[in-house]
Structures are given as structure tokens and as C-alpha cells.
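I have placed the structure first, in the form of C-alpha cells, so that the comments after it can refer back to it.
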Amino acid sequence: MSDPTDAATPHAAETGESVRAPYRVLARKYRPTNFADLIGQDALVRTLSNAIDSGRMAQAFVLTGVRGVGKTTTARIIARALNCIGPDGQGGPTTQPCGVCEHCTAIAEDRHVDVIEMDAASRTGVDDIRDLIDGVRYRPVSARRKVYIVDEVHMLSKQAFNALLKTLEEPPEHVVFVFATTEIRKVPITVLSRCMRFDLRRVEQETLAAHFRGILEKEGLSAEDAALEMVARAADGSVRDGLSLLDQAIALSGDTIAEAQVKQMLGLADRGRIYDLYDAVLGGRAAEALEVLADLYNAGADPAVVLQDMLEVTHTLTRLQVVGEAQAVAGLPEVERTRGAEMARTLRPAHLARNWQMLLKGLQETQNAPQPRQAAEMVLLRLIYAAELPSPGDLVRQLREGGGETKARPDGGAGAPAQRTPQPSGGANGGGAQAVAGGGGPAPEPGPQADEAPPPPDDAPKAESAIAMPQSLRDVVALCQERRETRLAAELKRSVRLVRFEEGMIELSPTEYAPRDLAGRLGHCLTEWTGRRWVVSLSSQAGEETLAAQDEAAEAAERQRLMAHPDVQRVLDAFPGAKLIAHRGGAEAPGGSEDHDGAAENGVPIDPDDVPGDEEP
């Protein structure tokens, strides 16, 4: 049978065309063939090398890590190291496979009969594992060890794992299992306990860039340092992903890979312009920020990638503040070392943390939005608006100052609230309570004197108008009704019992019908209405009766008093079946809406002089 390559050669000679070997992508062409070629996995290389040299090799390994860090490659190197016989055919297991013996060559070409690779993603059933186990008992055909490489082992079914357990626990001496997975948590612990586990790390960006430069030199190509750094950053620790991107960059650029071409390929924005955008956002310059975003978008940058770059800038600035410039700037481009250090000196960590949260949420919105550019613009506008807001610490401080609390601590420090000496309020219907500052003098009276104090910051709560400070829970209910918070007023009347009332502090005992957020809503409303801070707390003490129960008891007592009145008795005697439903005070009598006549039906009081046959002598 003739070789197709030989058949094509005369035709090529006739037409003048040159015959080229099929192109192999960089990820396959420069795949490591021994432990020395593995990059970024020093712990794994040292452990396996020592195990092979000392003859203490385990019979089952599990390799875990992200995609493209060398799990399957390491499994094949293990197979070659165990079965290599050297160029002279007399060698034993070695950490430096020769690459020329029959076993090394067959394993490299994926045709060795004793090295069986199985993709668990497509063969997940128990029957597939049974076929594998049936072959385990047979000795190798030509190699020293029979090696089973199971990729994506976490995809096996539960029954398949169970079928494998016994063989893993007591494997034949001529068999070695190597499992590879990206989801180690999905592998049963019973399997992991029978294997030697290696966690392959992400390869550092600097190591990847140096590795890519060495490959380009072997290929006779060159690249700008910034271009290789971009490819290494986009690879995210994966060697295979980085080599695939490098292949794409070579196809785009030719002999020299330029930074601008890699930016265009990856859809990245100019790093200096990202810092311009970040500076405009922090400075509150909305028009400039939108203009920079438009320039980046027109240059081909993806809006979501722009926000990702802003997230990276936020992280860089935070690291500059936390760990210092000497450690944080290592490996950063010049623009980030200079501008980043300058911006980090002027920003507060709280603002950077807030920007991180907003950018993270905005990135998700932009990725899911039908118009990513518009979504990115709205994210920038939110950041600009938030840049003018105080930090949470400043806001709490402003609330305290606006709530009538002093800045001085009892020991002379700053920032602690003033201490108050409460006085009894007299219960729900009692008089007002006075607050006394830590110095012993009375607190400023509410009302006109509040105008003499310096105005609170804009973010602090303010009273909409001069109102009387509530002195009891009934005053609070009346204030709620005045402000049309009828639901809150009803809940205060029926769902809580008063334990203690002081000016600025209310302690309530909730009933089983009280909403969980009642205390928070009441405190917020009182603070907003009165212009000072109110603390509303819940207590397990019994407290007084609810206001509704007090009203019902008072109404029942009043009704009994009226029913005992002689005039009322004469009216009821004159009109059998009549009921008392109202009195001149305006309060309705309980249960008085049925079986009544005439004036009583409309709630009109009956004059005793109108009762027939009951005239005075």
C-alpha cells in the first residue's frame, strides 16, 4: 500500500507547490515530556521524583486543578517514567524518560497498548468500569507497568465509583491508576482516601510570560513584553489557554507580536485610559467619564471588559494601600506603578471597598443587559453619584451629631455618645422624661431652642417642622396618625405593651401579633419626624397593657357608669330593646350597632324629657 504523502509528491513537483508538514498547535508541540519541563508545579515534581528514585511509588494518584495546568500531561509523564527502558533497552524507572525507547515513543504517540486512557465524561457507567476492572488482572503486554489514566473522573456515576473501590484498595502490583479532575469535591472521599492526591496550582503570570517568550524564541518569533504580559494575564494561570491565545496572536501579528494587536484580539482597553476613566469617576466628572468610555468602545473594547479592568484597578489600589508599594507593584506595568501609587495615596479604603461592590454588581448587569454600553454608562453614573456620598463611618458620625449627642467621650475622647440619666416616664399616659447629658446639666429643650444649634449635615435626619416631642406612647400614636402612618399607629395600639418610655428611648414588649420590623420602622420614623435619634428596643418583660386594651377597659368602665345613670335607666325602660351606643363624649359603646331605633340608630342622644309617660310631677 502506497503512502499518501509519496503519492502527493510528484503532483507537487509538477505544479511547483511546496509540501508542508501539518501544523501542530503550540499546546501540543511543546507539551512537556518529562518532569523538568513542567512549569509552576515544583511540589508535585519534587514529590514524584523522590518517589521514583526511592522506589516508593503509589499505585493510585489523583491530580486536580483548573483546566490547562498539566493534569493529563503529568499522568502521561508518570506512565513514561515508570516504563522507560532507556536508549539501550536496559534502563529502569527514571525521572528523566529518554523519549527514544519504544515505550516512550508509543506513549507520546498515544498508541501504547499498556497505557489506557479513558474519558470518564463520555464513559460514566458502571459497565465501563467493569470492562476496565476485567483488564486489570492481566499483566502488561510489553511494558513494566500497566497504567490506567482516567480523565474527568468526577463524571463517573456513584455505582461506577463503588465498583472501583475494591480494586483501588488492593490493586495488582503491575497496575497504576492516575485520575485527573477539575472538580475534586465531586469525587467520593472513599476514592480520595485510596489515592495520593496532588493539587496542581495556577501558573503565575511572570512564569507564563517567560515560558511564552522561550517558545517564541524556538519558533523564531518575537513579541513585546507588554503583549506577552497581556496574554499571560488573560490565560489566568492556564498554560494551555495561554498557548492557544499565543497561537491566535501569532496568526494575527506575524513575526512580531505587538501590544496593540493583542489588545485588539482580546478586546482590551488601554490601561492608561482605564486610569483616566477611574480618575474621572472618582472626581465626579460625568461628561469626561462617558467620553472616555465612548472612546474605548469605539476603539473596540467590550464594555464588560472595561468594568473588569476597573475592578482590577480597584484591587491594585487596595493592595497598594494595604501591603505597601514595594510588594504591591511587583510585576505591574509602569503606568500602574506610577498612577496607581499616586491615586492610592488620595483614596480611602472604605471608598475603594464600596467601588468594588458596585463594580462587581454592575459587571453582572452589563453582561446580562441587551445594550451593554448603556448598562456600563449607568454603572459609571452610579459610581460618580456614590463618590459624593459619605462613607458609612462618616454617616454614622453625622447621625450621632444630628441626633443631639455630643462628640466628647466621658474620658475626654472624641466620638462617643453622651451618657443620659433617665427619669421615669410615668407609664404610657405619664408625663415626659428628661435626658441629662454626661456633664450633669439638662439636655437642650426641644422646640425653639433647636434653631440655635448648628445645623446638622445634609445626610443627617431633620425634623420637617417644629413639633412637640412625644412624651408618652399615646403621643407617639397620635404623631403616627398625624403623619398618616395609620398602619404603624394601629400596630402600636394593639401589638405592643409599653415597658419604659424616655425621651429618645422606648422599650416595648411585643405580643405574638407584633411585626418583626416594628421597632426598626418606629425608630426610623421618629428620628425623621423629630430630628433627633430615637432608640426603640424590644423587651421580654410584661409591661403595661396594650393601648387598645386600656381603651377597651376605659370604655367598659364608662359604659357601666352611664348604664347606672337614672336617666339612662328610664330611657331603656321606656324603650324596650334599645341599646346604648353613644354618649355625649362621642365614644361609641361596644356592640351598639344592632337592634336600635330612631335617634339611637343614628347615634343622636335621647333627651329624657321626650320619654312619654314619664313626666316629673
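Read in our numbering, the sequence shown has 644 at position 175, and its numbers run on one by one without any break.
Here a beta-carbon is modelled for each residue, glycine too, at the ideal position from N, C-alpha and C.
Return the first residue and the last residue of the alpha helix (DSSP H) that LEU780 is part of.
772-791
Alpha carbon to alpha carbon, how far is ASP511 from GLU757? Give it in angstroms, no decimals.
48 angstroms
Quick check on PRO611: does DSSP put it in helix, strand or coil?
A small fix is needed here, since residue 611 is Ser in this sequence, not Pro. In this structure, SER611 counts as coil in the three-state DSSP scheme.
Same chain only: Cβ atoms within 8 angstroms of THR1015, ignoring 5 sequence neighbours per side
LYS962, ARG963, SER964, VAL965, ARG966 and THR980
Terminal residues of the continuous beta strand (DSSP E) containing GLU645?
Position check: residue 645 holds Val in this sequence, whereas Glu was assumed. From DSSP, the beta strand (DSSP E) with VAL645 extends over 644-650.
At least three beta-carbon pairs within less than 8 angstroms, the stretch 509-529 to the stretch 686-696:
no
Is HIS784 buried or exposed, if buried means 16 or more other CB atoms sit within 10 Å of its CB?
exposed
The alpha helix (DSSP H) spanning ASP511 covers which residue range?
511-523
Within its chain, find whatever has a CB closer than 6 angstroms to the CB of ILE618; leave out the 5 residues flanking it on each side and keep chain order.
ALA544, GLU586 and VAL647
Per the DSSP calculation, SER1009 is bridged to which residue(s)?
Note: SER1009 sits in no beta bridge, so no partner.
Enumerate, from N- to C-terminal direction, the unbroken alpha helix (DSSP H) stretches of 4 or more residues contained entirely within the stretch 703-739.
708-722 and 728-735
For LEU967, does the three-state DSSP call read helix, strand or coil?
strand
So PRO657 and VAL605 are in contact, right, with Cβ under 8 angstroms, and what is the actual spacing, rounded?
Their Cβ separation, rounded to whole angstroms, is 19 angstroms, which puts PRO657 and VAL605 out of contact at 8 angstroms.
Among all the DSSP beta bridges, which residues are the ones paired with PRO979?
VAL965
Return the CA-CA distance between GLY555 and THR502, expressed in angstroms with no decimal places.
14 angstroms
Sub-8 angstroms separation of VAL946 and ALA937 beta-carbons:
no
Continuous alpha helix (DSSP H) assignments of at least 4 residues falling wholly in the stretch 818-871:
818-837, 841-856 and 861-871
Straight-line gap, ALA819 to GLY711 (C-alpha atoms, nearest Å)
35 angstroms
Any idea what DSSP makes of THR563, helix, strand or coil?
coil
ARG666 bridges to which residues according to DSSP?
VAL531
In angstroms with no decimal places, state the Cα-to-Cα distance between MET665 and LEU601.
20 angstroms
Considering Cα atoms alone, identify which of GLU728, ALA727, MET734 and ALA988 is closest to SER1006.
ALA988
Below 8 angstroms, can you find three or more Cβ-Cβ pairs linking the stretch 668-676 to the stretch 547-565?
no
Host beta strand (DSSP E) of MET587 (start-end):
584-588
ARG500, enclosing alpha helix (DSSP H) - first and last residue
That residue, ARG500, is in no alpha helix (DSSP H); it is neither H nor E in DSSP.
Using the rule of at least 16 other Cβ atoms within 10 Å of the residue's Cβ for burial, across every protein chain shown, is GLY683 buried or exposed?
exposed
In whole angstroms, give me the CA-to-CA distance for GLN1010 and GLY973.
20 angstroms
Taking the continuous alpha helix (DSSP H) assigned at CYS994, which residues delimit it?
987-999
In terms of alpha-carbon separation, which member of ARG497, ALA701 and TYR492 lies closest to ALA577?
ARG497
CB-CB under 8 angstroms to LEU829, same chain, minus the five flanking residues each way: which ones, in chain order?
LEU780
Within the same chain, show all residues whose beta-carbon is closer than 6 angstroms to that of SER978, passing over the 5 residues directly before and after it, in chain order.
ARG966, VAL968, SER1008, GLN1010 and GLY1012
Do LEU942 and TRP998 come within 8 angstroms of each other at the CB atom, strictly closer than that value?
no
Output needed for VAL1037: all residues of its chain with C-beta closer than 7 angstroms, excluding positions within five of it in sequence on either side, in chain order.
LEU1031 and LEU1049
Are the stretch 745-762 and the stretch 837-849 touching by the rule of at least three beta carbon pairs closer than 8 angstroms?
yes
Measuring straight from C-alpha to C-alpha, what distance separates ASP716 and TYR854?
43 angstroms
Rounded to whole angstroms, what's the CA-CA distance from GLY916 to PRO1035? Just pull it up for me.
Residue confidence for GLY916 is low, a pLDDT of 42 falling below 50, so the modelled location carries little weight; the figure read from the coordinates is stated next. Roughly 48 angstroms separates the two Cα atoms.
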